[in-house]
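A.B. asks: The structure follows.
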Amino acid sequence: MAAPDMSPKAGKPLVQNDAGSYLAWSGKDQPALAGEKLGCGLLVLKPLGFALPHYADSGKFGYVLGGSAVVGVLPVGVDSRERVVRLEAGDVIAMRAGEVTWCPGDFSYFILDGPMGVLGGLDAGLLATASGLTSPEQAATAFRSQPAALLTRLSRKLHGVRPREHDRHGIVVNAARVPPDSTGGKTVTAAHLPALAQLGLSVGLALLDAGAAVRGPWVLRDAAAQAVYVARGSGGVQVASAGGASTLLDAEVAAGSLLVVPRYAVALVAADDAGGMELVSLIKSSRPAMEHFTGKGSVIGGLTPEIVQAALNVSPELVEQLRTK
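Under UniProt numbering, the residue at position 132 of the sequence shown is numbered 132, and the numbers go up by one with no gaps.
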């Protein structure tokens with residue numbers, strides 16, 4: 001049996017217009033995503049760009065790489081109240097399956113209006129009766145007048161839409177408020193953003209300085225897979241699995257590419273000399289046990305030195321170096 005394709009891939013554009021673009025990574029092109037039941041997308045909104053209201057069949061989070069935008073979230077439930085928030089760079093926002101949002105993976109999106117709108121598939125006469133409208137023509141006007149699919153450009157700012165700071169509570173947190181781990185990376189978990197507990201997801205963030213800075217080797221010991229997006233820079237990545245020297249991936253990666261680290265696999269990333277790297281990870285656990293193998297607070301650092309020495313068949317001096325780097 002041929003080994004699965006683990007190579008990093010760029011996203012494919014689903015929508016590109018004067019409002020922005022939406023790229024998605026599909027399990028068809030990247031089998032490891034389908035195997036781990038992960039989906040990823042990249043939304044870019046230009047000034048006055050507007051993502052049409054939609055809901056999805058899966059929970060999701062968004063991480064703001066740069067810029068700012070106003071986002072609306074309508075929770076599931078009768079008489080639920082729309083929450084309107086301003087997102088800035090570094091913000092993480094969590095959204096449950098079925099929640100209607102204005103801004104957009106291998107997810108199925110159910111858009112409320114436009115040529116892809118879910119209401120457009122219903123009979124106009126029945127829709128008019130159900131909505132209290134006077135005619136099928138009025139229903140067609142109400143629900144089929146938007147020509148755009150997913151993204152459209154507004155003609156002006158929506159001055160009646162005002163973000164509210166208290167609406168951020170429980171669904172948005174900025175990564176600046178999350179303390180770094182011993183390696184300088186950050187993991188936004190349910191402890192920082194409670195809504196992530198319902199999604200079963202966390203967000204991994206890492207900045208590697210220029211000059212061949214290395215992150216890892218690390219492992220998620222709670223059987224959590226992760227999808228790693230290279231937001232900036234370039235470098236090398238290696239992923240290894242059980243079974244001796246079993247290298248699943250040894251490749252160069254650049255900004256815009258995404259790779260998958262399967263459950264229990266070990267990963268290591270090294271930044272190029274030019275400009276460092278920025279990594280954003282989707283982790284399939286709300287409280288992941290991410291651990292490094294060497295250094296303070298690591299797997300080797302947590303074991304009795306004599307056990308490490310016997311297991312690696314090395315000197316006590318080398319063990320101490322591995323534990324305290």
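C-beta atoms are modelled at their ideal positions from N, C-alpha and C, and glycine is treated no differently.
According to DSSP, is Ala240 helix, strand or coil?
C.D. replies: If DSSP states are grouped into helix, strand and coil, Ala240 belongs with the strands.
A.B. asks: Can you tell me the Cα-Cα spacing of Val173 and Val314, whole angstroms?
C.D. replies: Their Cα atoms are separated by approximately 45 Å.
A.B. asks: Does the structure place the segment 79-96 close enough to the segment 57-67 that three or more beta carbon pairs sit under 8 Å?
C.D. replies: Taking 8 Å as the limit for Cβ pairs, the verdict is that the segment 79-96 does touch the segment 57-67.
A.B. asks: Here's the rule: buried if 16 or more other CB atoms are within 10 angstroms of the residue's CB, otherwise exposed. What is Val214?
C.D. replies: Result: exposed.
A.B. asks: Considering only the alpha carbon of each residue, which of Pro262, Ala255, Gly256 lies closest to Leu249?
C.D. replies: When only C-alpha atoms are compared, the closest one is Pro262.
A.B. asks: Taking only runs of the beta strand (DSSP E) that begin and end inside the UniProt domain "Cupin type-1" (8-139), which ones reach a length of at least 3 residues, in chain order?
C.D. replies: Counting whole runs of 3 or more residues, the UniProt domain "Cupin type-1" (8-139) contains the beta strand (DSSP E) stretches 12-17, 20-25, 40-45, 49-51, 54-56, 60-63, 68-74, 83-88, 91-95, 109-111.
A.B. asks: Based on Cα-Cα distance, which residue from His54, Gly72, Gly185 lies nearest to Val269?
C.D. replies: Closest option to Val269, Cα to Cα, is Gly185.
A.B. asks: Cα separation between Lys284 and Leu199?
C.D. replies: Whole-angstrom Cα-Cα distance: 9 Å.
A.B. asks: Name the one or two DSSP bridge partners that Ala265 has.
C.D. replies: For Ala265, which the question treats as bridged, DSSP gives no partner whatsoever.
A.B. asks: Spatial neighbours of Val15 within its chain, please: C-beta separation below 8 Å, excluding the five flanking residues on both sides.
C.D. replies: The residues are Ser21, Tyr22, Ala149, Leu150, Leu151.
A.B. asks: Buried or exposed for Ile300, going by 16 or more other Cβ atoms inside 10 Å?
C.D. replies: Ile300 is buried by the Cβ-count criterion.
A.B. asks: Could you compute how far the alpha carbon of Leu303 sits from the alpha carbon of His54?
C.D. replies: Whole-angstrom Cα-Cα distance: 49 Å.
A.B. asks: Can you give me the Cβ contacts of Pro316 inside the same chain, cut-off strictly under 8 Å, excluding the 5 residues immediately before and after it?
C.D. replies: Result list for Pro316: Pro305, Gln309, in chain order.
A.B. asks: Which word fits Arg83, buried or exposed, when buried means at least 16 other C-beta atoms lie within 10 angstroms of its C-beta?
C.D. replies: Buried.
A.B. asks: Just to confirm, is the Cβ distance from His292 to Thr183 under 8 Å?
C.D. replies: Yes, the pair counts as a contact, with Cβ atoms nearer than the cut-off.
A.B. asks: Work out the CA separation of Gly216 and Ile307 for me, nearest whole Å.
C.D. replies: The alpha-carbon atoms of Ile307 and Gly216 are separated by roughly 22 Å.
A.B. asks: Are the CB atoms of Asp272 and Gly235 within a distance shorter than 8 Å?
C.D. replies: Yes, the pair counts as a contact, with Cβ atoms nearer than the cut-off.
A.B. asks: Consult DSSP for Gly275 and reduce its assignment to one of helix, strand or coil.
C.D. replies: In this structure, Gly275 counts as coil in the three-state DSSP scheme.
A.B. asks: Just verifying my parser: in three-state terms, what is the DSSP assignment at Ala227?
C.D. replies: Note: Ala227 maps to strand in three-state DSSP.
A.B. asks: Looking only at its chain, what residues have a beta carbon closer than 6 Å to the beta carbon of His192, apart from the 5 residues adjacent to it on each side?
C.D. replies: Val173, Val178.
A.B. asks: Would you call Glu320 buried or exposed, if buried means 16 or more other Cβ atoms sit within 10 Å of its Cβ?
C.D. replies: With fewer than 16 other Cβ atoms within 10 Å, it is exposed.
A.B. asks: Could you give the distance in angstroms between the alpha-carbon of Leu312 and the alpha-carbon of Ala34?
C.D. replies: Rounded to the nearest angstrom, the two C-alpha atoms are 36 Å apart.
A.B. asks: Which residues in the same chain as Asp5 place their Cβ atom closer than 8 Å to its Cβ, once the five residues preceding and following it in sequence are excluded?
C.D. replies: Here the set comprises Gln30, Pro31, Ala32.
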